[in-house]
Amino acid sequence: MAKQRFVFPEIKPQPQPGLRGAAIVASSLLAILVDGSSTAIINTGLPYLQGITAATPDEGSWIVTSFNATYYAFILLSPWLMATLGRKRLLVGALLGFSGLSLVLALTSDYKTYIVLRALQGACLGCVFVPAVITFFTSLSPAAIAFAPPVFILFALSGSTIGTVIGAYVADEFGGNVVFIPGGVATAITATLVFFAVNTKDKNQRLPFDSVGVALSILTFGSLQYLSNEGSRRNWFDDSGIVAGSAVFVLAAFAFVSYELFLARNPHVDFRMFAKYRNLLVGAAINILNGAVGYSITLFVTYLEVSIDATATLAGAIVLIRLATYVVGLFTAFFLARTKTLDIRVVVIIGALGSALGLVGFANSMTTTADAGTFVGLSLFFGFFFSMLSQPIGSLVVGSMPLTELAAGVAIYKLTSPLGLMIATGAVQTVLDHRTAIVRSNLAAGIVPSRAIVHQYIANHGAAGLSALVATQAQTLAFSFAMVLFALALLPIAGIVFFVKIPKPA
Amino acid sequence: MYKRVLTIVDGSPASEYAIGASITIAREIGCTLKFCLTLDPMLRAGVPGMTPFAELALEMQERTLRAAIAHAEMAGILGTTGVIVSDDPARGAVAAARAENADLILMGIVPRIGILRPFVRNLIEGVLALSTTPLCAVRRPTRGFLTHRILVPIVFDALGKLAVDAAIGIAQQFKSTLVFCSIATGSDRSAALAAVEGGLAAAAACGVPAETLVFGETPHIPTAIVRDADIHGCDSIVIATHARQGLPRIVEGSVTQALIEQCDVPVVVVRSPLL
């Protein structure tokens, strides 16, 4: 077997004094925020996009799949691109590319053009996170760098939350293609700021492009995203498309990992990092669970819209509330660990148990008669503990790697959360469908038309009204059940975290 | 008096001024220079989740230290060394000064602004709280010489005596002229006169040329001292401090701190272990 040669983008501290230094830090943080929010904004408007492109339900999921396949693949490729193009060139190019494509997408309604542009858009956005994070870390002064982990996690965590409410507002107020505009404008502003502020001089390396690896990566993530979107809707293996998709995923994933591990001479992903850095492996496992729990946001927003008739904007705002306690929770976790008040693993366990408790609280409060205000306190409670869980894990993973492998580590870690989200989307959607059907049958079985109250309800609202009531009730109970599942998904973290490697004090 | 000077460096413009001042001192009296940088104790190997950040911070500090040493060597001060201490900035600076047996600690200062100013200690206060080694605070680039004319603000008390002794020691080494100044409160000039006359006599006894200066009551003493330093062409100030801590610091304030934060020439601060 030929010796493999990995890419290590040059990472050197380049703090700048004064206004320029502040502008570099601000632009890199804005880029991290834009990465998370842009995806969320567009995802919120997906039903509109399907309508605009006149896509059938089968075609509709490709709007997401084409974007995510290249988005995830290019996150993994971004360290290589950083090494060959340079950090600033990559960041500005990717942001401008995303911005330009967003504006074109806002003016397009042709389905095929949409799919191609969305794939390109994903590729551009995938190149933003890693260089932005590295720029942030390397721009801080020695006095500020100890505080880099909580700030980085805060911005990485806040993106999707902010994106949800912006997307919801835009979709509610303007609808359709306008969902592309906020992300497009934000990326254009960020690109301008990066262009004028960042003055890093990276040494560009000439390295062969891992074309086979990238193709396999796109195929792997594309097929997984397809299964995640379509699995439940097509009743999984009853459908030939899902059988084919599963086969493609298994083969592509196997080929991708094997190729990068053994065959590629210049692999763009180093899967051996999982063996080399135990905290990356443990953190990835925990972050997959965190990512899966991230689907609870989508579920909660759906519940608010379906069961209690909240507008998308209101639902987004309820989700956004947790941002207030994200900040508190993040810094609480950071200072508890920093001052050695609590072992970092204990902080994680408190975060996991508190988050689980919060989700149980959501489950108990999710009724058809609840109102949006019911969830304000719960959102704040959940936000506090969820950020307490996310901060130490992110810090431990990112902070366990040496500088040379930081970019590769950040790229791999970034992917673990969407991986959990994809798995949760497919699995929870299936559970929801089944649970809704079971509850609906049980509820329907209990309705006896001869009972006076049932008779009166039918007289007032008709049989269709009664059926709708049962359907809403069944779906709400299924949502509530799913929230309990999310809470249970967090419990293993309390055990997994003990596999974290805590370095011995020097 | 000054044989080993320790300069606290952090890469900021103010610390560049401190490097410049230490080079000027070393040129004048041929003392040895040592630069000291502190590193947040969080940023060291063994702290969970800090590996790359510790690497980045260490690389930055090493780069700053190399630049400072190169600056000194370019200026002809050979044998300059440096140390990076993993500790809280004040504790680290004091520990390095003790380890080096330094006679003077030099550091740049960026004045604190904002409403928290009275409640948050700056690095100089932190060092003064832990050490009695004389400390030289530098806020602006030095103008040529540092110790030709030294302004010594004093009052007629033990603290004033401490400032006089320190200033005479410096003047003997640098062959400086001292300008003792004091403030007359109300119509009574006797205490102020006694202070400056005492200083003058002590300087004369040691063969140090000195002048006196008494000015009338002023609404803001530090501003008057800064103005007089400028008018009388003084290139540094020597002052003694109580280094008050806690509530007295907030209630009574500190002339020395106010002076350091607005003075364009270096301020040497001395603190007695008994005060």
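Sequence lines, in order, name chains L and D.
Under the working numbering, the first sequence has 99 at position 49, and the numbering climbs by one with no breaks.
Under the working numbering, the second sequence has 167 at position 44, and the numbering climbs by one with no breaks.
Note that CB positions come from ideal geometry on N, CA and C, so glycine has one too.
| Check | Outcome |
| --- | --- |
| Here's the rule I'm using: 16 or more other beta-carbon atoms within 10 Å means buried, otherwise exposed. How should isoleucine 247 of chain D be labelled? | buried |
| Using a Cβ cut-off of 8 Å (strictly closer), state whether phenylalanine 176 of chain D contacts chain L. | yes |
| Does any residue of chain L bring its CB to less than 8 Å from the CB of proline 264 of chain D? | no |
| Looking at glycine 231 of chain D: is its Cβ nearer than 8 Å to the Cβ of serine 135 of chain D? | yes |
| Going by alpha carbons, who is nearest to lysine 251 of chain L out of L/Leu135, L/Asp359, L/Leu527 and L/Ala265? | L/Leu135 |
| Starting from isoleucine 247 of chain D and walking both ways along the alpha helix (DSSP H), at which residues does that stretch end? | 246 to 253 |
| Would you mind stating whether phenylalanine 124 of chain L and cysteine 177 of chain L have Cβ atoms separated by less than 8 Å? | yes |
| Which class does arginine 137 of chain L belong to by DSSP, given the choice of helix, strand or coil? | helix |
| Can you tell me where the alpha helix (DSSP H) holding isoleucine 91 of chain L begins and where it ends? | 68 to 94 |
| Quick check: does the Cβ of aspartate 252 of chain L come within less than 7 Å of any heavy atom belonging to the ligand ZN? | By its list of ligands, the structure shown contains no ligand whatsoever, and the ligand ZN lies outside what it can speak to. |
| Going by DSSP in three states, valine 170 of chain D sits in which element: helix, strand or coil? | coil |
| If we ignore side chains and look at the alpha-carbon of each, how far apart do isoleucine 383 of chain D and alanine 387 of chain L end up? | 36 Å |
| At a CB-CB cut-off below 7 Å, which residues of chain L make contact with leucine 162 of chain D? | Pro192 |
| Quick one: give me the first and last residue of the beta strand (DSSP E) that phenylalanine 279 of chain D is part of. | Note, phenylalanine 279 of chain D: premise wrong, no beta strand (DSSP E); not H, not E. |
| Is the Cβ of proline 234 of chain D closer than 8 Å to any Cβ of chain L? | no |
| Taking the C-alpha atoms as reference points, what is the distance between alanine 327 of chain D and alanine 333 of chain D? | 7 Å |
| Under 9 Å, CB to CB, which of the residues in the region 530 to 554 of chain L have a partner in chain D? | Val550, Lys551, Ile552, Pro553 and Lys554 |
| Rounded to the nearest angstrom, what separates asparagine 249 of chain L and threonine 237 of chain L at their Cα positions? | 19 Å |
| In angstroms with no decimal places, state the Cα-to-Cα distance between leucine 155 of chain L and arginine 168 of chain L. | 8 Å |
| In chain order, what residues of the region 196 to 210 of chain L put their CB closer than 8 Å to some CB of chain D? | Ala196, Ala198 and Pro199 |
| Since I believe alanine 307 of chain D is in contact with leucine 301 of chain D (beta carbons under 8 Å), could you give me their beta-carbon distance rounded to a whole number of angstroms? | Rounded, the Cβ-Cβ distance is 19 Å, inconsistent with contact. |
| So, at 7 Å on beta carbons, what are the nonlocal neighbours of arginine 263 of chain D in its own chain, with the 5 sequence-adjacent residues on each side left out? | Tyr140 and Asp387 |
| Going by C-alpha distance, which of D/Lys284, D/Val217, D/Thr341 and D/His271 is nearest leucine 258 of chain D? | D/Val217 |
| Mind checking if glutamine 380 of chain D is an interface residue toward chain L, Cβ cutoff 8 Å exclusive? | no |
| Is the beta carbon of proline 175 of chain D closer than 8 Å to that of glycine 86 of chain L? | no |
| If you follow the alpha helix (DSSP H) that arginine 490 of chain L is part of, which residue opens it and which one closes it? | 456 to 495 |
| Have a look at serine 377 of chain D and threonine 364 of chain D and give me their C-alpha separation to the nearest angstrom. | 8 Å |
| From arginine 70 of chain L to leucine 79 of chain L, what distance separates their C-alpha atoms? | 14 Å |
| Where does serine 450 of chain L sit, in a helix, a strand or coil, going by DSSP? | coil |
| Determine the chain D residues that contact isoleucine 394 of chain L at a beta-carbon separation under 8 Å, and present them in chain order. | Pro171 and Gly172 |
| Measuring straight from C-alpha to C-alpha, what distance separates leucine 430 of chain L and threonine 375 of chain L? | 6 Å |
| Where do the ends of the alpha helix (DSSP H) carrying leucine 258 of chain D lie? | Run containing leucine 258 of chain D: none in the alpha helix (DSSP H); it sits in the beta strand (DSSP E), 258 to 261. |
| Would you kindly work out how many angstroms separate the C-alpha atoms of serine 111 of chain L and arginine 283 of chain L, rounded to a whole number? | 11 Å |
| Would you say methionine 451 of chain L reaches chain D, if we count a Cβ-Cβ gap shorter than 8 Å as a contact? | yes |
| Kindly say whether threonine 214 of chain L, judged by its beta-carbon, lies nearer than 8 Å to any beta-carbon of chain D. | no |
| How about phenylalanine 148 of chain L: is its C-beta nearer than 8 Å to some C-beta of chain D? | no |
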